[in-house]
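Protein chains in written order, with this note's numbering: chain E, 909 to 1158; chain Y, -3 to 115. Notes follow the structure.
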């Protein structure tokens, strides 16, 4: 599939922006579009303009447009990014943008992927707060300077965009691997002093598809749009699960 | 989107992937060398003459080239291993490409030093 669609004249000079967009599902091909350059336009702006002005059948996903919801991630010129906060001028290569759906997730259509496996991994990694059978009746005092609080703070701002999951080579090799986001979430909960489910969580993240499968390629940390460091969270889980073995856990 | 297409584009962007491949390949090379190293040491049990006759083969140029390769592989394996340790225990956060490049440069430097030393 290689049809080129012409559009209006570029208002700011420099010619149109050429955009190669993945069309189809797992099988498919690239379709070329030309869109006008606009001041400060983001990659999401470009996709939206293509869909509204040239091809309404183009499927993609977005919601907030301000970097909060994590729904607009795509692979832009070979690198997974949040498209609402990525300006075209930063990433275009010789006037060309190549847009693909996130890797390591089933493609629903065009640029939209099925996120269900991604969130299933969060559940498998016990990425949810476990208050226990008898939760404390009062607030737990947690000092901002406490080491556990600092560790949790470092990873808590994840917006579930899937960029790290898409960038991870280990997920590509082993589809069962829990992935950086789920393990990062588990690490924030390991450092939650109120949580009562630590033993089960550490057991869940220490299997064949758990934290010890991480090869420290650092792609998740390099590509995370929020500047988080899942690699370090996973390293923390490696240490915590190893200590658990020494304490007699399995 | 073929599998090859996906992996080629991914590898182009990921120096961490290259680092892991180099780390493992150099590790395999060292693992293959280690038994031969012990065999060489074992010849000493039969006396100095046996060891010397065995060591004589190290004067041939293909063996010298292999020695240079092994020294370089050892240096590369150590540098990339230190990188992993620094990431996992010191939370070292720097540009992966620059760090992997520095590891490769260190290995090349050690290899050159080996050649220049005339060992």
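Each residue gets a CB set at the ideal place from its N, CA and C atoms; glycine is no exception.
Only counting the same chain, and skipping five residues up and downstream in sequence, which positions put a Cβ closer than 8 Å to that of residue i?
i, result
"residue 1093 (chain E)", "1030, 1033, 1035, 1063, 1066"
"residue 12 (chain Y)", "92, 96"
"residue 909 (chain E)", "Low confidence applies here, because residue 909 (chain E) scores a pLDDT of 45, under 50, leaving its location unreliable; read the following figure in that light. 931, 932, 936, 937, 938, 939."
"residue 926 (chain E)", "940, 941, 942, 1003, 1004, 1005"
"residue 1146 (chain E)", "1119, 1120, 1122"
Does the beta carbon of residue i sit closer than 8 Å to a beta carbon anywhere in chain E?
i, result
"residue 23 (chain Y)", "no"
"residue 77 (chain Y)", "no"
"residue 17 (chain Y)", "no"
"residue 13 (chain Y)", "yes"
"residue 10 (chain Y)", "yes"
"residue 121 (chain Y)", "Outside the shown range of chain Y, which is -3 to 115, sits residue 121 (chain Y), and nothing can be said about it."
"residue 198 (chain Y)", "Outside the shown range of chain Y (-3 to 115) lies residue 198 (chain Y), about which nothing can therefore be said."
"residue 0 (chain Y)", "In this prediction, residue 0 (chain Y) scores a pLDDT of 43, lower than 50, which makes its location untrustworthy; the coordinate-derived value is nonetheless stated afterwards. No, no contact with chain E."
"residue -3 (chain Y)", "Caution applies to residue -3 (chain Y), whose pLDDT of 45 falls short of 50 and renders its modelled position unreliable; the model cannot decide the point."
Considering only residues of the same chain and omitting the five flanking positions on each side of residue i, which have a CB-CB separation below 7 Å?
i, result
"residue 39 (chain Y)", "46, 47, 50"
"residue 103 (chain Y)", "68, 71, 72, 75"
"residue 985 (chain E)", "999, 1001, 1005, 1006"
"residue 948 (chain E)", "995"
"residue 29 (chain Y)", "66"
"residue 1190 (chain E)", "Since the first residue of chain E shown is 909 and the last is 1158, residue 1190 (chain E) is not available in this structure."
"residue 1039 (chain E)", "1104"
"residue 1148 (chain E)", "1098, 1110"
"residue 1141 (chain E)", "1063, 1091, 1092, 1095"
"residue 32 (chain Y)", "none"
Please report whether the beta-carbon of residue i lies at a distance below 8 Å from any beta-carbon of chain Y.
i, result
"residue 1059 (chain E)", "no"
"residue 1140 (chain E)", "yes"
"residue 1124 (chain E)", "yes"
"residue 910 (chain E)", "Legend: pLDDT at residue 910 (chain E) = 43, less than 50; position of this residue unreliable, no value from coordinates given."
"residue 1000 (chain E)", "no"
"residue 1038 (chain E)", "no"
"residue 1053 (chain E)", "no"
"residue 1084 (chain E)", "no"
"residue 1114 (chain E)", "no"
"residue 981 (chain E)", "no"
"residue 1146 (chain E)", "yes"
"residue 1129 (chain E)", "yes"
"residue 1020 (chain E)", "no"
"residue 942 (chain E)", "no"
"residue 1137 (chain E)", "yes"
"residue 997 (chain E)", "no"
"residue 1143 (chain E)", "yes"
"residue 914 (chain E)", "For residue 914 (chain E), the predicted structure reports a pLDDT of 38, less than 50, and the residue's modelled location is therefore unreliable. The matter cannot be settled from this model."
Which first and last residues belong to the alpha helix (DSSP H) in which residue i is found?
i, result
"residue 108 (chain Y)", "92 to 113"
"residue 1056 (chain E)", "1055 to 1063"
"residue 974 (chain E)", "Segment: none, residue 974 (chain E) is in no alpha helix (DSSP H) and carries neither H nor E."
"residue 1148 (chain E)", "1138 to 1154"
"residue 34 (chain Y)", "11 to 38"
"residue 933 (chain E)", "It is not in any alpha helix (DSSP H) - residue 933 (chain E) carries neither H nor E in the DSSP assignment."
"residue 1029 (chain E)", "1024 to 1032"
"residue 1129 (chain E)", "1127 to 1131"
"residue 961 (chain E)", "951 to 961"
"residue 1168 (chain E)", "In the structure as shown, chain E begins at 909 and stops at 1158. Residue 1168 (chain E) is therefore absent and cannot be evaluated."
"residue 999 (chain E)", "996 to 999"
"residue 50 (chain Y)", "44 to 51"
Am I right that residue i and residue j are in contact with their C-beta atoms under 8 Å? What's the rounded C-beta distance?
i, j, result
"residue 994 (chain E)", "residue 950 (chain E)", "6 Å"
"residue 1011 (chain E)", "residue 1080 (chain E)", "7 Å"
"residue 1129 (chain E)", "residue 1137 (chain E)", "5 Å"
"residue 1132 (chain E)", "residue 1071 (chain E)", "6 Å"
"residue 1024 (chain E)", "residue 982 (chain E)", "Their Cβ separation, rounded to whole angstroms, is 18 Å, which puts residue 1024 (chain E) and residue 982 (chain E) out of contact at 8 Å."
Cutting at 6 Å between CB atoms, please list the residues of its own chain near residue i, excluding the five before and the five after it.
i, result
"residue 912 (chain E)", "Any reading at residue 912 (chain E) needs caution, since the residue's pLDDT is 40, under 50, leaving its predicted position unreliable; the model's value is listed next. If we look at residue 912 (chain E) and ignore the five residues flanking it on each side, its Cβ neighbours are 940."
"residue 1014 (chain E)", "1022"
"residue 82 (chain Y)", "88"
"residue 928 (chain E)", "938, 940, 1006"
"residue 1097 (chain E)", "1103"
"residue 1074 (chain E)", "988, 1010, 1011, 1012"
"residue 19 (chain Y)", "76"
In the DSSP assignment, the beta strand (DSSP E) including residue i goes from what residue to what residue?
i, result
"residue 1107 (chain E)", "Here residue 1107 (chain E) belongs to no beta strand (DSSP E); instead the alpha helix (DSSP H) covers 1106 to 1112."
"residue 80 (chain Y)", "Segment 57 to 86 is the alpha helix (DSSP H) holding residue 80 (chain Y); no beta strand (DSSP E) there."
"residue 981 (chain E)", "981 to 984"
"residue 1016 (chain E)", "1015 to 1017"
"residue 1006 (chain E)", "1004 to 1008"
"residue 988 (chain E)", "987 to 990"
Check your understanding: What are the residues of the region 88 to 107 of chain Y that lie near chain E, defined by any Cβ-Cβ distance shorter than 7 Å?
Key -> 89, 92
Review point. Taking any Cβ of chain B, which residues in the region 1066 to 1096 of chain E have a Cβ under 9 Å from it, in chain order?
Key: Here chain B cannot be found, since the structure's protein chains are E and Y.
Check your understanding: In chain order, what residues of the region 959 to 978 of chain E put their CB closer than 8 Å to some CB of chain Y?
Key -> none
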